[in-house]
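K.L.:
Chain order of the listed sequences is W and X. For the first sequence, the tail end lands on 152 under this note's numbering, and the numbers increase by one without skipping. For the second sequence, the tail end lands on 304 under this note's numbering, and the numbers increase by one without skipping.
Protein chains: 2
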Amino acid sequence: MKIEEIIKTNSKMSNGTRTVINLSYTARNIEEFLSTPFKEYDLSVQQYNVLRILRGQKGNPANLSTVQERMVDRNSNTTRLIDKLIKKDLVERQVCPDNRRKIELFITQPGLDLLSELDPITEQNNAQILQNFTENEIETFNNLLDKLRQNE
Amino acid sequence: MKIEEIIKTNSKMSNGTRTVINLSYTARNIEEFLSTPFKEYDLSVQQYNVLRILRGQKGNPANLSTVQERMVDRNSNTTRLIDKLIKKDLVERQVCPDNRRKIELFITQPGLDLLSELDPITEQNNAQILQNFTENEIETFNNLLDKLRQNE
DNA sequence: AATTATAAAAAGTTTTAACACCTAATTACC
DNA sequence: GGTAATTAGGTGTTAAAACTTTTTATAATT
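#1: So, I107 of chain W versus R55 of chain W, is the Cβ gap smaller than 9 Å?
#2: Counting only Cβ-Cβ distances shorter than 8 Å, please list the residues of the segment 184-208 of chain X near chain W, keeping chain order.
#3: If we cut at 9 Å on Cβ distances, does T79 of chain W have a partner in chain X?
#4: Starting from the beta carbon of N29 of chain W, find every residue of chain X whose beta carbon is closer than 7 Å, and list them in chain order.
#5: In angstroms with no decimal places, state the Cα-to-Cα distance between L216 of chain X and R252 of chain X.
#6: Pick helix, strand or coil for Q131 of chain W, following the three-state DSSP scheme.
#7: Taking the CB atoms as reference points, tell me whether F285 of chain X and K2 of chain W lie closer together than 9 Å.
#8: Identify, in the order they occur along the chain, each residue of the same chain with its Cβ nearer than 8 Å to the Cβ of I159 of chain X, setting aside the five sequence neighbours on each side.
#9: Using three-state DSSP, classify R253 of chain X as helix, strand or coil.
#10: Keeping to the same chain, check which residues put their C-beta closer than 8 Å to that of V243 of chain X; ignore five residues upstream and five downstream.
#11: How about F293 of chain X: is its C-beta nearer than 9 Å to some C-beta of chain W?
#12: Mind checking the segment 6-27 of chain W against chain X and listing, in chain order, the residues whose C-beta falls within less than 8 Å of any C-beta there?
#13: Quick check: is the beta carbon of Q109 of chain W nearer than 9 Å to any beta carbon in chain X?
#14: Using a C-beta cutoff of 9 Å, does A214 of chain X count as contacting chain W?
#15: Enumerate, from N- to C-terminal direction, the unbroken beta strand (DSSP E) stretches of 3 or more residues contained entirely within the segment 56-118 of chain W.
#16: Output yes if chain X places a C-beta closer than 9 Å to the C-beta of K2 of chain W; else output no.
#17: Is DSSP giving K191 of chain X helix, strand or coil here?
#18: Applying the 10 Å Cβ sphere with the 16-neighbour rule, what's the burial state of G59 of chain W?
#19: Against L145 of chain W, what residues of chain X qualify as contacts under a CB-to-CB distance less than 7 Å, listed in chain order?
#20: Please report how far the alpha carbon of I290 of chain X lies from the alpha carbon of D113 of chain W, in whole angstroms.
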């Protein structure tokens, strides 16, 4: 369905408005679809992303600020988000010995185990979303998204 | 910048994951950019969208369910969202005489005035986001977004 | 060495969202 | 006409996001 039909607008929108609404609507749509499996694991998409960032460190610790930098949406509550992961034993936190303002974050073994359980589900869902896209379209789409971000 | 550079990932992602992250990140990015001017007017993007929906009725009342249907993100708290607009005198609510379960929502004159003030700002910002896109790219982008939503 | 500035993280507060449940009005059906 | 089912909207509670302020540690300055 075209976006105009979905939001049942009767006045015609400008190209800019239409595109922005389409982007926003589609992103929410996809995010909702993807978040469903996480609910069974009592994990938010955000928490899952933090776990993946920590795993990406391959054993090296990450500071809170590093995690924030890499988050898809960096909000200001990363401390509390990580508190929750710690409470579930998925993450460990220790004060950095070199600079006691910093903290060092590690993913635990249970955290890694959880990720290996979730990864295939996510991969499959991500793939499903793109199932009707050709390789070419995927490239085009990513390039257009990259280009869209250049204007602010 | 490519999305991989932005989130500084060191492990390579699948096409699906990369694209989903790119979409999500870009949408948030754009939404944040667009929401800035609204803050000065003490209005959220959601509230602005509801006002536009009511104006789109061109004098006819809208039910709550109609508004919900047309919202970009239909959440379950539309009642309370509209409460806030009423408190600011931007919207009026009355019980539908034909069916007292239904309510009728109208945008007020101050609501219309506020919209005419905000519209050019939004239009300009929406246009700015697309400034580097050709007409062709805009069409392609919208088509790809539409296609992306077909898979769930 | 004391003073100021900056940086990293945490905590406080207020809004907003999510989810389930509730209430009132209408419709359907016996 | 009385009872169940459905529909439209509202409430309550809890959790998460947004925004702001505070705390503590380090760096810079004088």
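In this text, a Cβ means the ideal position worked out from N, Cα and C, and glycines have one as well.
P.N.:
To lay it out plainly:
#1: For this step, residue 107 of chain W is matched to residue 107 along the first sequence. For this step, residue 55 of chain W is matched to residue 55 along the first sequence. Contact flag set, yes.
#2: F185, L186 and G208
#3: Numbered from 1 along the first sequence, position 79 holds the residue referred to as residue 79 of chain W. Not one chain X Cβ lies under 9 Å of T79 of chain W.
#4: The sequence position of residue 29 of chain W within the first sequence is 29, counting from 1. Going along chain X in sequence order, the residues near N29 of chain W (Cβ under 7 Å) are R301.
#5: Taking the second sequence and counting its residues from 1, the one referred to as residue 216 of chain X is at position 64. Taking the second sequence and counting its residues from 1, the one referred to as residue 252 of chain X is at position 100. Each residue's Cα considered, the two are about 13 Å apart.
#6: As a working mapping, residue 131 of chain W is identified with position 131 in the first sequence. Coil, per DSSP.
#7: Counted from its first residue, the second sequence places residue 285 of chain X at position 133. Counted from its first residue, the first sequence places residue 2 of chain W at position 2. No. Outside cutoff.
#8: Taking the second sequence and counting its residues from 1, the one referred to as residue 159 of chain X is at position 7. Taken in chain order, the residues that qualify are I173 and Y177.
#9: Translated into the one-based positions of the second sequence, residue 253 of chain X becomes position 101. Correct three-state label for R253 of chain X: coil.
#10: In the second sequence, counting from the first residue as 1, residue 243 of chain X sits at position 91. Same-chain partners within the cutoff: V202, L203, L206, I234, L237, L257, F258, I259, T260 and G263.
#11: Along the second sequence, one-based indexing puts residue 293 of chain X at 141. Interface residue, yes.
#12: I7, K8, T9, N10, S11, S14, N15, G16, T17, R18, T19, V20, I21, N22, L23, S24, Y25, T26 and A27
#13: Numbered from its first residue, the first sequence carries residue 109 of chain W at position 109. With 9 Å as the cut-off, Q109 of chain W does not count as an interface residue toward chain X.
#14: In the second sequence, residue 214 of chain X corresponds to position 62, counting from 1. No, its Cβ sits nowhere closer than 9 Å to a Cβ of chain W.
#15: 91-95 and 103-107
#16: Start at 1 with the first residue of the first sequence, and residue 2 of chain W comes out as number 2. Yes, K2 of chain W lies at the interface with chain X (some Cβ there is under 9 Å from its Cβ).
#17: One-based indexing of the second sequence puts residue 191 of chain X at position 39. Correct three-state label for K191 of chain X: helix.
#18: Position 59 of the first sequence, counted from the start, is the residue given in the question as residue 59 of chain W. The residue in question, G59 of chain W, is exposed, as its Cβ has fewer than 16 Cβ neighbours within 10 Å.
#19: Sequence index remark: in the first sequence, residue 145 of chain W carries index 145 (1-based). Near L145 of chain W (Cβ distances below 7 Å), the residues of chain X are N174, L175 and T178.
#20: Position 138 of the second sequence holds residue 290 of chain X. Position 113 of the first sequence holds residue 113 of chain W. Cα to Cα, the separation comes out at about 43 Å.
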